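Participant: The structure's right below; bear with me while I get my questions together.
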Amino acid sequence: MIRFKPWAARWVPPRLLSRALTLVVPMAWAAAAVAYRLTCPLARDDALSARLVSSAVLCTVITGLVMHVRRTMLRELRRVRGIAEAAQSVLLRPPPPRVDGLAVAAVHLSADRGARIGGDLYEVIATEHGVRAVIGDVRGHGLGAVRTVAAVLGSFREAAHDEARLEDVLRRLERAMARHLRERAHAGSDPEAAEDFVTVLLLEILPGGAVRALNCGHPWPHLLAGAGADPLARTDPLPPLGLFPLPSELSPLPCGRLRPGDALVLHTDGAEEARDTEGRFFPLRDVLTEAAHANPLTPQTVLRTVLTALLRHSAGPPKDDVALLVLRNERHPRHSAPGLRPCARATADRLQ
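Going by our numbering, the residue at position 147 of the sequence shown is 920; the numbering climbs one at a time, nothing skipped.
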């Protein structure tokens, strides 16, 4: 079937036509007000009743203009939110529910009201080198932080597959971050670009359950094993990316094994630093210990427990971005090697 466009669409550019249509209603209301003032005898009558009628007419005109502007602004707001949600689905996409035998769930809360994307990032990818996960926190908020998130996540999604060694993945992220900061500095639109940095935690979970990590200034995850919640490690992390160059020698930290039924909770510092009305920090470890008693223990129940307690503690949305990523080993026990102590205990043993 051949369809013919209206004459206006054929001869007038779509953007110009859309703008013209938005002016039709205000012009109509203004024309009605002018016509009333020039042609209606009541508009020139000084009697009280005539003045009341004129006031009512003017109020009607003003109300119509305000309602039209309000509808236009709401329509534009819905369009912008739709674009933001589409960008989030590409940039900070929700992870699949299962990744190579691991149950996965994640959530992100932005500190900016109405925003769907902040300065936090996470990703989980199944590769031929094992399951690799990243979580990070970019300094600041706004569009600059979103661009940094895009640069780091884009580099990780490629390097996780390309690099056989976890330390080489971190090197790729460092180079991507440095290149991103140089581009922002050369653009000259962001004078604070040279001071930006990102904390990054890289995890690698092998098919046997062995866990290795590289940490650049990020909070250590918590291991939910049995009925407790312990930090995965207690060693000092490397500096965040963007502040100082990484050491010439990098070695991933062995962190024991993630046995079947155990879960790892990765988080940004917004979860630990959320305060209540009296300035007390959110007791994340205590809440995770409570979540470890859930039966069944699933990533969804962990997230539900933490978010409920967090929103109750902060009496509303937190003041900083919060990202949570939960990984639970649901592989069959025969595919996992015998369990070892978590990295937190192994590190303590080495220090004694």
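Each residue gets a CB set at the ideal place from its N, CA and C atoms; glycine is no exception. What you are looking at is a predicted structure, and each value in this text was computed from that prediction instead of being measured.
Suppose the cutoff is 8 Å on Cβ atoms and the five residues either side in sequence are ignored; what does the same chain contact list for Pro1033 look like?
Facilitator: The residues are Gly982, Asn1102, Glu1103, Arg1104, His1105, Pro1106 and Ser1109.
Participant: Run the CB neighbour count on Val1075, radius 10 Å, all protein chains shown included, and call it buried at 16 or more, exposed below.
Facilitator: It is buried - the Cβ of Val1075 has at least 16 other Cβ atoms within 10 Å.
Participant: What are the boundary residues of the alpha helix (DSSP H) that includes His953?
Facilitator: That run of the alpha helix (DSSP H) goes Leu939 to Ala960.
Participant: Name the residue from Ile978, Asp1049, Glu931 and Arg944 whose alpha carbon lies nearest to the alpha carbon of His902.
Facilitator: Per the Cα distances, Ile978.
Participant: What is the DSSP secondary structure of Ile856, counted as helix, strand or coil?
Facilitator: The predicted position of Ile856 is uncertain, since its pLDDT is 49 and thus under 50; no value can be drawn from it.
Participant: With a threshold of 6 Å on Cβ separation, who are the neighbours of Glu1146 within its own chain once the five nearest residues in sequence on each side are excluded?
Facilitator: Look at the range of the chain in this structure, 774 to 1125, and you will see that residue 1146 is not part of it.
Participant: So for Asp910, helix, strand or coil by DSSP?
Facilitator: Three-state DSSP puts Asp910 in a strand.
Participant: Which of the three DSSP states is assigned to Pro1106 in this structure?
Facilitator: The answer is helix: DSSP assigns Pro1106 an H, G or I state.
Participant: Going along the chain, which unbroken runs of the alpha helix (DSSP H) with 4 or more residues stay wholly within the region 969-1052?
Facilitator: Counting whole runs of 4 or more residues, the region 969-1052 contains the alpha helix (DSSP H) stretches 1042-1045.
Participant: Please report the Cβ distance between Leu974 and Gly909, rounded to the nearest whole angstrom; I am assuming they are in contact, meaning their Cβ atoms lie under 8 Å.
Facilitator: With a Cβ gap of about 7 Å, Leu974 and Gly909 count as contacting.
Participant: Can you round the beta-carbon distance between Ala924 and Ala1000 to whole angstroms, since I take them to be within the 8 Å contact cut?
Facilitator: Their Cβ separation, rounded to whole angstroms, is 41 Å, which puts Ala924 and Ala1000 out of contact at 8 Å.
Participant: Whole angstroms are fine: how far does the CA of Ala1088 sit from the CA of Arg1077?
Facilitator: Rounded to whole angstroms, Arg1077 to Ala1088 spans 16 Å at the Cα level.
Participant: Would you call the CB atoms of Ala1002 and His995 closer than 9 Å?
Facilitator: Yes, Cβ-Cβ distance for Ala1002 and His995 is below 9 Å.
Participant: Since Ala1006 and Cys1028 should fall inside the 8 Å C-beta cutoff, what is the C-beta to C-beta distance between them, to a whole number of angstroms?
Facilitator: Between Cys1028 and Ala1006 the Cβ distance is about 6 Å, and since that is below 8 Å, they are a contact.
Participant: If you measure between the beta carbons of Val880 and Ala1082, is that distance less than 9 Å?
Facilitator: Not a contact, by the Cβ cut-off of 9 Å.
Participant: When burial is assigned at 16 or more other CB atoms within 10 Å of the CB, is Asn1068 buried or exposed?
Facilitator: The residue is exposed, with fewer than 16 neighbouring Cβ atoms inside 10 Å.
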